[in-house]
Amino acid sequence: MEDIATLTLAGALDGLKKKEFSSVELNQALVDSIDKKDGDLKAYLKMDPEYILKQAAESDQKRAAGDDSSLLGVPIAIKDLINVKGESCSCASRQLEKYNALYDATVAAKLRYAGAVFAGRTNMDEFAMGSSTENSAFQITRNPHNLECVPGGSSGGSAAAVAGGEAIAALGTDTGGSIRQPASFCGCVGMKPSYGRVSRYGVTAYASSLDQVGPMTKTVEDAAILLKELAGFDPHDGTTLDVKVPDYQAHLTGGMKGLKIGLPKEFYVDGSDPEVSQAVLKAVESCRAAGAEIVDVSLPHTEYAIAVYYILATAEASANLARFDGVRFGHRAESPKSVFDLYAQSRAEGFGTEVKRRIILGTYVLSSGYYDAYYGKAQKARTLIREDYTKAFEKCDVLMTPVSPTPAYKIGEASQDPLKMYLGDIFTVPANLAGICGISLPCGSTRGGLPVGLQILGPAFGEERILKTAYAFEQMQGA
Amino acid sequence: MSQSIDVAYVSELARIALTDDETKLFQGQLETIVDYVEKINGLDLDNIKPTMHGQVSTNFFRDDVVSPSLDREAVLDNAPARTDSEFKLPKIVEDA
Numbered sequence: 000m001e002d003i004a005t006l007t008l009a010g011a012l013d014g015l016k017k018k019e020f021s022s023v024e025l026n027q028a029l030v031d032s033i034d035k036k037d038g039d040l041k042a043y044l045k046m047d048p049e050y051i052l053k054q055a056a057e058s059d060q061k062r063a064a065g066d067d068s069s070l071l072g073v074p075i076a077i078k079d080l081i082n083v084k085g086e087s088c089s090c091a092s093r094q095l096e097k098y099n100a101l102y103d104a105t106v107a108a109k110l111r112y113a114g115a116v117f118a119g120r121t122n123m124d125e126f127a128m129g130s131s132t133e134n135s136a137f138q139i140t141r142n143p144h145n146l147e148c149v150p151g152g153s154s155g156g157s158a159a160a161v162a163g164g165e166a167i168a169a170l171g172t173d174t175g176g177s178i179r180q181p182a183s184f185c186g187c188v189g190m191k192p193s194y195g196r197v198s199r200y201g202v203t204a205y206a207s208s209l210d211q212v213g214p215m216t217k218t219v220e221d222a223a224i225l226l227k228e229l230a231g232f233d234p235h236d237g238t239t240l241d242v243k244v245p246d247y248q249a250h251l252t253g254g255m256k257g258l259k260i261g262l263p264k265e266f267y268v269d270g271s272d273p274e275v276s277q278a279v280l281k282a283v284e285s286c287r288a289a290g291a292e293i294v295d296v297s298l299p300h301t302e303y304a305i306a307v308y309y310i311l312a313t314a315e316a317s318a319n320l321a322r323f324d325g326v327r328f329g330h331r332a333e334s335p336k337s338v339f340d341l342y343a344q345s346r347a348e349g350f351g352t353e354v355k356r357r358i359i360l361g362t363y364v365l366s367s368g369y370y371d372a373y374y375g376k377a378q379k380a381r382t383l384i385r386e387d388y389t390k391a392f393e394k395c396d397v398l399m400t401p402v403s404p405t406p407a408y409k410i411g412e413a414s415q416d417p418l419k420m421y422l423g424d425i426f427t428v429p430a431n432l433a434g435i436c437g438i439s440l441p442c443g444s445t446r447g448g449l450p451v452g453l454q455i456l457g458p459a460f461g462e463e464r465i466l467k468t469a470y471a472f473e474q475m476q477g478a
Numbered sequence: 000m001s002q003s004i005d006v007a008y009v010s011e012l013a014r015i016a017l018t019d020d021e022t023k024l025f026q027g028q029l030e031t032i033v034d035y036v037e038k039i040n041g042l043d044l045d046n047i048k049p050t051m052h053g054q055v056s057t058n059f060f061r062d063d064v065v066s067p068s069l070d071r072e073a074v075l076d077n078a079p080a081r082t083d084s085e086f087k088l089p090k091i092v093e094d095a
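Right, dumping it as structure tokens:
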């Protein structure tokens, strides 16, 4: 069998179908690989070999009995805020250290239905709040390309696992870039679907008007395979739209010819690391050489995106995390003296610093007298950002931009300055605010050997288009 | 300048008991962040409609049918303290 480090989801499915290896053999190889590498990477919060191999054995029996479900026997790593019935689901928080999921998230149920093996719980920033995975209450995940660097975040565990040879594919979530940025830092493919494309039922909420679940994989084809399984209307999530799910994999055809690629000038400004800009512009140039038309577009409200995002996301977070009160689940303080104390002490002890910071900021912007000044205005500014994208997509098919202004940075380098960390999300948050889809895929590396990601953005429910474009680019890279 | 966020007061609203050191740290950091986000005041937002959701959709209603609820044992097992059939809470009525 091929090494887990290079084995793709498509390759694993093919090998299983052709009986080149069994699911038990595949999953044993995965477990061995995690055992060997996770001491360094620390991508997983939990990985139970017995549980994985039991699922693998069951899937081998099913296959022997004629079952040919679409993901049968393939292990998928799961970000630790997606509920899988009976498994732990800590959200990398002390608050949920002992929590076991009571039901399957819709995406977990879909993977289960497709026959996938649940391969372990990946590390993340606590409650998905962060851009480096340093905010996990339990461990620091390291970048597989340089162990002194962060893997990005918040889905840093999933990205490090996929890029570091500890997973075939993984699920992440993206509220302001939490799939795309770690994919860029670690050198894998990460896709944020359009808002409403994938159900969030059973996915611990951070900012409900922005959160999406998506695939993190080694190739664009794998992202297409996985997205097809995850996407679709869900009666349990009123924000999903009843729009047909295309066979994304079947549409990965065609090259760059005739494609109109927009370059938003606001994404190519001073302040980005020159090695990042150069790698991205070189990628764009190669698309032009392959027959794409490059057009200049403008997204004039980009400079407001971070401000709008950190008002809306923290406001929604403060409401979503109000459920942690020490009563029915989560951490409870010892011997509280009053009801107020039960809440305030339990929350103080259960939440980490960044989560507290965001809840307090969110509470402030929603508090009496300030609501209109912050939250109300941010919702209006969001409309302007959204309209920027609608207008841009009248002039082009997709947009190409950097994912992050910098490659992965050193552990500890940005964590002391929250605003600096927030500003690093400038190229990813607009897609969440606009509800559109985006994908990050490797397009080069720095002289220091760190990956650089290319972001391809498409209009809402334009997943097919960005996957096709990404696939064409990936083929050119490989050639 | 910032419209003076009062971290001690807001943390009380948020039901988070901060230590003095945390209050001091957050006061400085959040003043900087609040100053930054106030840049949205530079926008002319008159007559702009707010965007409240990630995608324009209308409410939809599920059918009102009986379906199984969560397993009581499993739910209680996740509680910080429990009796046989209920959540157990500390005494909250203060002594007279």
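Chains as they are written, first to last, in numbering that gives the first Met the number 0: chain A, 0 to 478; chain B, 0 to 95.
Don't be surprised by glycine CBs; every beta carbon is placed ideally from N, CA and C.
Small disclaimer: the values here were computed from a predicted structure and weren't measured.
Starting from the C-beta of residue i, find all residues in its chain whose C-beta is less than 7 Å away, skip the five residues before and the five after it, and write them out in chain order.
i	result
Y363/A	Y369
I310/A	V364, Y373, Y374 and A377
A554/A	Shown here, chain A extends from 0 to 478; a query on residue 554/A therefore has no answer.
L88/B	none
L29/B	I4 and V6
Just checking my contact of residue i with residue j at CB under 8 Å: how many whole Å lie between their CB atoms?
i	j	result
M255/A	A28/A	So it is not a contact: roughly 36 Å between Cβ atoms.
I77/A	F117/A	6 Å
P181/A	L226/A	Contact flag wrong, Cβ pair sits at about 18 Å.
K217/A	T7/A	5 Å
I138/A	K41/A	The sequence shown places Gln at residue 138/A, rather than the Ile named in the question. With 8 Å as the limit, Q138/A and K41/A qualify as a contact, their Cβ atoms being about 5 Å apart.
T382/A	Q54/B	At roughly 13 Å, the Cβ-Cβ gap does not stay under 8 Å, so T382/A and Q54/B are not in contact.
S32/A	I3/A	4 Å
Y43/A	G119/A	5 Å
A306/A	Y8/B	Contact flag wrong, Cβ pair sits at about 23 Å.
D272/A	T427/A	Their Cβ separation, rounded to whole angstroms, is 15 Å, which puts D272/A and T427/A out of contact at 8 Å.
Q94/A	G423/A	Not a contact, Cβ separation roughly 26 Å.
E315/A	S208/A	6 Å
R385/A	T50/B	6 Å
Anything in chain B within Cβ reach of residue i, meaning under 7 Å, just list it in chain order.
i	result
S317/A	A13
R327/A	A78 and F86
F117/A	Going along chain B, no residue has its Cβ under 7 Å from F117/A, so there is no contact; the nearest lies around 18 Å.
N134/A	Ordered by position in chain B, no residue passes the 7 Å Cβ test against N134/A, which lies about 14 Å from the chain.
N145/A	Within chain B, no residue comes near N145/A; the closest Cβ sits about 28 Å away, beyond 7 Å.
Could you work out which residues of chain A lie near residue i, taking near to mean beta carbons separated by less than 7 Å?
i	result
K38/B	Y303 and A306
T50/B	Q378, R381, T382 and R385
Answer with buried or exposed for residue i, where buried requires no fewer than 16 other C-beta atoms within 10 angstroms of its C-beta.
i	result
P67/B	exposed
G163/A	buried
T400/A	buried
I91/B	exposed
P417/A	buried
F339/A	exposed
L69/B	exposed
T252/A	exposed
F59/B	exposed
D43/B	exposed
T5/A	exposed
Y112/A	exposed
N40/B	exposed
L170/A	buried
At 9 Å on the CB atoms, spell out the chain B contacts of residue i, in chain order.
i	result
K355/A	S10, A13, I15, L17, E21 and F25
Going by the CB atoms, is the gap between residue j and residue i shorter than 9 Å?
i	j	result
V83/A	S198/A	no
V23/A	D59/A	yes
R14/B	R322/A	no
N134/A	E353/A	yes
E125/A	G351/A	yes
G176/A	A380/A	no
R331/A	L341/A	yes
T414/A	I358/A	Here residue 414/A turns out to be Ser, not Thr, going by the sequence shown. Not a contact, by the Cβ cut-off of 9 Å.
V326/A	A391/A	no
Determine the chain B residues that contact residue i at a beta-carbon separation under 8 Å, and present them in chain order.
i	result
P192/A	By Cβ distance, chain B contributes nothing, its closest Cβ being about 11 Å from P192/A, past 8 Å.
A249/A	Simply none; closest approach about 25 Å.
With a CB to CB cut of under 8 Å and the five nearest residues on each side skipped, what residues in its chain are close to residue i?
i	result
S84/B	R71 and L75
F86/B	L75, A78 and A80
Which residues in chain A sit within 9 Å of residue i, going by Cβ to Cβ distance?
i	result
V64/B	Simply none; closest approach about 11 Å.
T82/B	Here the premise fails: no neighbours, minimum Cβ distance about 13 Å.
P67/B	Correct list: empty, because the minimum Cβ distance to chain A is about 10 Å.
S56/B	G195, G237, T238, T239 and L240
Grab me the residues of residue i's own chain with a C-beta within less than 6 Å of its C-beta, minus the 5 sequence neighbours each way, in chain order.
i	result
G156/A	A42, T121, N122, M123 and T140
S1/B	Confidence at S1/B is low in this model, with a pLDDT of 48, below 50, so the placement of that residue should be treated as unreliable; the coordinate-derived value is given next. Closer than 6 Å at Cβ, skipping near neighbours: E30, V33 and D34.
A159/A	L40, A42, T140, P143, P150 and C185
In chain A, which residues lie less than 8 Å from residue i when you measure between Cβ atoms?
i	result
R71/B	The contacting residues do not exist; R71/B stays about 10 Å from chain A at best.
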